[in-house]
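What follows is a set of notes on a single structure, which appears directly below.
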Amino acid sequence: MLVAGIVTSAALVAVSGLGVAGPRIEGELELARVAGEVSDAAFGEWSRLRREPTPCDAVATVRWSRADEDVDLAPTVAQPVEDEPVGRDDGAARALLAEALRPPRNEERLRETLETLAEFDLGAELAVELAVQRRRAGLPSPAPTSALGATWRGLPVPIAVALASGEERADERTALADAWAHGELAFESPSWTFATDPPTCTLDSRERALLERLLTPEQCERVMAMSAPRALAAALGGWPTLMDDERWRVQPLPSDAEGWTGLARVQAGDMRELSIVAREAPLRAVSAALARAGLVPDGFALRPSDEPGAGDIVRAAESTEGLTFVVTHADAAAFVARAGDRVIWLRNGLLVLAIAILVTALFLARALRRDRRLIEARSAFVASVSHELRTPVASILTLSENLERGHASARSAKRYPGLIHREAERLRRLVDDVLDMSRIERGQLLKPRLAETETRPWLDEVLLELEKTVAGAGRAFQSDSAELPEHVFIDAELMRRALGNLVDNAVKHGQDRVTLTTGVGADERWWVSVSDEGLGVPRPARQRVFESFERLGRNDGRGAGLGLGIVRQIVTAHGGQVAFLDPADGHGAHVRLELPVHVEPNMGAEA
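Just so we're aligned, residue 16 is where the sequence shown starts under our numbering, counting upward by one.
Written out as structure tokens, the structure reads:
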């Protein structure tokens with residue numbers, strides 16, 4: 016137990032001293048650790064969001080199919096037609112076109128005429144008309160004709176054509192819308208417009224205005240839905256390359272789209288999707304998700320790496336696909352100080368715990384040693400009591416049998432009653448000691464019945480009894496009773512037993528003479544001392560011998576180890592003290608008990 020406590024304490028002390036860099040360094044390491052956790056959480060949350068249907072707010076979204084990706088984007092570069100020069104005559108071409116359109120129409124002849132006219136250098140109005148007729152006949156235009164490069168009577172050519180067509184040619188508008196949507200009519204430079212106030216991302220507003228003037232709302236939306244992907248693909252320089260994993264990926268936008276980010280992914284089946292978002296939108300979405308999940312400790316925040324802001328940067332710029340940021344803290348110095356204080360408290364706590372464990376181990380080890388000695392003493396006590404009980408019982412039985420059978424002489428028979436009485440007293444004292452110690456072990460302290468007692472008569476009676484005990488053991492007994500108080504408050508029977516145990520202990524473990532001395536001290540206390548001429552009691556053991564079952568390791572079979580323990584209990588119950596003193600001549604044991612002459616308050620009645 017003690018070894019385990021020492022090892023545990025040493026381990027705790029070692030752990031408390033591992034952070035040798037100091038509280039400040041420990042605080043900086045803690046700041047870096049938390050910042051790293053925030054950064055890792057941001058990357059993990061962004062990875063999760065990129066699998067969500069909408070990772071962040073988009074200002075524009077374009078969808079296209081895989082069939083659109085198979086279209087060659089090169090023809091979408093418009094081939095502008097020149098303005099029709101003054102005096103230019105496209106009469107022959109117009110005549111051929113009119114002849115081919117005259118009812119009843121011959122589709123084969125119309126196709127041949129349209130293919131022939133495609134080789135002509137036509138004016139703007141006729142070029143647009145030819146593109147419409149080719150769409151109606153199912154013939155693609157070899158190159159889109161610019162709708163803004165030419166004007167006719169001050170209006171864009173497609174609008175002029177539509178207005179000139181009249182209501183009876185409404186189907187011409189549908190053909191015109193199809194030609195426009197399929198790239199056969201185009202702007203000179205199809206592009207996207209990225210605006211920040213308000214956040215918008217749309218096709219060129221000029222094209223939208225032309226569509227709204229030329230077509231019905233339904234036709235307008237259809238043209239926008241069909242032409243927007245082509246125009247965006249042209250602006251991006253090709254279709255975004257994607258993988259079929261339902262995951263959003265970053266799509267580079269044109270250089271004029273500064274401040275914007277494209278997120279592209281496979282939406283479902285053959286459909287593709289490209290969302291245009293503000294550059295800070297991914298970081299804003301991640302920060303909001305982390306805040307909802309409680310993954311950002313107080314004081315920490317994320318911000319774009321190239322934008323100034325409040326707080327101290329505690330982790331350098333981190334970048335993943337579509338997400339670039341730095342981790343900041345509102346007051347990094349205060350965080351470091353608090354973390355350092357926690358380290359100090361932790362170290363001190365570990366040291367206190369180590370001391371507490373060590374002290375507890377010492378107490379437990381001491382208690383275990385005491386319990387082990389107590390168990391050993393009790394085992395020895397059982398053997399000693401058995402011997403102590405058998406000896407007087409055997410003596411009584413032998414003497415009584417001799418008297419009963421008439422084996423004793425007349426002279427000896429006169430001595431037998433006294434011997435039987437002495438052995439019975441010896442047996443009685445032992446039984447009383449065992450019973451008293453049993454009560455003490457159960458926590459029932461001795462409760463003396465204090466009464467005013469005449470000192471001299473009581474002491475003379477006790478001395479006479481003790482002298483017989485010592486003489487019966489073949490030893491000399493000497494008493495010296497100095498001046499004593501006339502009356503004392505004692506339990507006469509308990510004090511008789513205490514003195515009897517002291518004398519009995521001297522007889523068992525001493526040699527030659529036993530001396531009992533009494534007197535009065537200067538502090539109104541009277542005392543009794545008993546000394547012998549034996550081996551004595553070593554100073555380190557003088558307190559221990561008053562414990563139950565303690566016999567100084569002697570295994571001579573004499574005594575049960577109860578006598579001195581009973582003496583201390585009796586004297587303590589009277590408000591006195593008992594202790595071993597150094598003998599005057601340096602030999603033997605000298606024990607002295609002191610008692611108050613007068614009764615203490617609340618003492619003298621049985622509790």
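C-beta: ideal position from N, C-alpha, C; glycine also.
Self-check item: Coil, strand or helix - W263 by DSSP
Solution: For W263, the three-state secondary structure derived from DSSP is coil.
Quiz item: Is it a yes or a no for the stretch 522–538 touching the stretch 488–499, going by three-plus beta-carbon pairs under 8 Å?
Solution: With the rule of 3 Cβ pairs closer than 8 Å, the stretch 522–538 counts as touching the stretch 488–499.
Quiz item: Counting pairs of Cβ atoms below 8 Å between the stretch 598–608 and the stretch 535–550, do you hit three or more?
Solution: They touch, by the three-pair rule.
Quiz item: Should the stretch 282–298 be called in touch with the stretch 116–127, which here means at least 3 C-beta pairs below 8 Å?
Solution: No, because fewer than three Cβ pairs between the stretch 282–298 and the stretch 116–127 fall closer than 8 Å, the two stretches do not touch.
Quiz item: Run through DSSP, which three-state label would M286 get?
Solution: The answer is strand: DSSP assigns M286 an E or B state.
Quiz prompt | Local conformation of Q234 per DSSP, three classes | solution = Helix.
Self-check item: Selection from P319, I370 and V301 that minimises the alpha carbon distance to V311
Solution: From the listed residues P319, I370 and V301, the smallest Cα separation to V311 is found for V301.
Exercise. Return no unless some Cβ of chain D is closer than 7 Å to the Cβ of G364.
Key: In summary, chain D is missing from the structure at hand, where a single protein chain is found.
Quiz item: Which term fits T484, buried or exposed, when burial requires 16 or more other beta carbons within 10 angstroms of its beta carbon?
Solution: So T484 ends up on the buried side.
Quiz prompt | Buried versus exposed, by CB contacts within 10 Å (16 or more), F378 | solution = Exposed, since its Cβ has fewer than 16 Cβ neighbours within 10 Å.
Quiz item: Does at least one heavy atom of the ligand MN sit under 6 Å from the Cβ of R294?
Solution: You won't find the ligand MN in this model; it holds no ligand whatsoever.
Practice problem: State the beta-bridge partners of H344 as determined by DSSP. | Solution: In the DSSP output, where bridge partners are listed per residue, H344 has F315 and D327.
Quiz item: Mind checking W79: buried by the 16 CB within 10 Å criterion, or exposed?
Solution: Counting Cβ neighbours within 10 Å, W79 comes out buried, since at least 16 surround it.
Quiz item: What residue does the beta strand (DSSP E) around F58 start on, and which one ends it?
Solution: Per DSSP, F58 is not a residue of any beta strand (DSSP E); the alpha helix (DSSP H) it occupies stretches across P38 to L64.
Exercise. Mind reading off the beta-carbon distance from L465 to I411? Whole number of angstroms is fine, and I expect it under 8 Å.
Key: The Cβ separation is near 34 Å, so there is no contact.
Practice problem: Please look up how many angstroms separate the CB atoms of P70 and W263, rounded, as I've assumed it's under 8 Å. | Solution: With a Cβ gap of about 5 Å, P70 and W263 count as contacting.
Quiz prompt | Rounded separation between G572 and N363 - CA only | solution = Low confidence applies here, because G572 scores a pLDDT of 47, under 50, leaving its location unreliable; read the following figure in that light. Rounded to the nearest whole angstrom, the C-alpha separation of G572 and N363 is 54 Å.
Exercise. Leaving aside the five residues before and after A513 along the sequence, list all residues of the same chain whose C-beta is less than 6 Å from its C-beta, in chain order.
Key: Counting only Cβ-Cβ distances below 6 Å, and skipping sequence neighbours, we find V582 and I585.
Quiz prompt | D519 - containing alpha helix (DSSP H), residue span | solution = Where D519 is concerned, the enclosing alpha helix (DSSP H) starts and stops at A507 to H524.
Quiz item: Could you check where the beta strand (DSSP E) with V77 kicks off and where it finishes?
Solution: For V77, the enclosing beta strand (DSSP E) stretches over residues A75 to S80.
Quiz item: Thinking just about the alpha-carbon of each residue, which of A293, S334, A308 and V341 is nearest to the one in A47?
Solution: Out of A293, S334, A308 and V341, V341 has the C-alpha closest to the C-alpha of A47.
Quiz item: When you compare only the Cα positions, how much space is there between E419 and P472?
Solution: Each residue's alpha carbon lies about 37 Å from the other.
Quiz prompt | Separation of P500 from G578, as counted between CA atoms | solution = Taking the CA atoms as reference points, G578 sits about 27 Å from P500.
Quiz item: DSSP state of R299, grouped into three classes?
Solution: Collapsing the DSSP output to three states places R299 in a helix.
Practice problem: Note down the Cα distance separating A10 from A75, rounded to an integer number of angstroms. | Solution: Look at the range of the chain in this structure, 16 to 622, and you will see that residue 10 is not part of it.
Quiz item: If you compare alpha carbons, which of V593, D321 and A306 is closest to G314?
Solution: For the options V593, D321 and A306, the alpha carbon positioned closest to that of G314 is the one of A306.
Self-check item: C-beta contact flag for G309 and I291 at 7 Å
Solution: Cβ distance not < 7 Å, so G309 and I291 don't count as in contact.
Quiz item: Anyone know if the C-beta pair for L125 and A152 falls short of 7 Å?
Solution: Cβ distance < 7 Å, so L125 and A152 count as in contact.
Quiz item: Going by alpha carbons, who is nearest to G603 out of E548, P297, E295 and D597?
Solution: Of all alpha-carbon atoms in E548, P297, E295 and D597, the one lying nearest the alpha-carbon of G603 is that of E548.
Quiz item: So, using beta-carbon positions, are V351 and G51 closer together than 7 Å?
Solution: Not in contact: V351 and G51 (Cβ atoms no closer than 7 Å).
Quiz item: Any idea which residues DSSP pairs E333 with across the strands?
Solution: In DSSP, E333 forms a bridge with F340.
Exercise. Output the boundary residues of the beta strand (DSSP E) element that contains T128.
Key: From DSSP, T128 is part of no beta strand (DSSP E) but of the alpha helix (DSSP H) over E122 to L132.
Quiz item: Is the Cβ-Cβ distance between T530 and S496 less than 7 Å?
Solution: No. Outside cutoff.
Quiz item: Does DSSP put T23 in a helix, a strand or coil?
Solution: DSSP places T23 in helix when its eight states are reduced to three.
Exercise. Kindly identify the DSSP beta-bridge partner or partners of F561.
Key: In DSSP, F561 forms no bridge with anything.
Practice problem: Take R437 as the anchor and find which of G421, A409 and S424 has the nearest alpha-carbon. | Solution: For R437, the nearest C-alpha among the options comes from A409.
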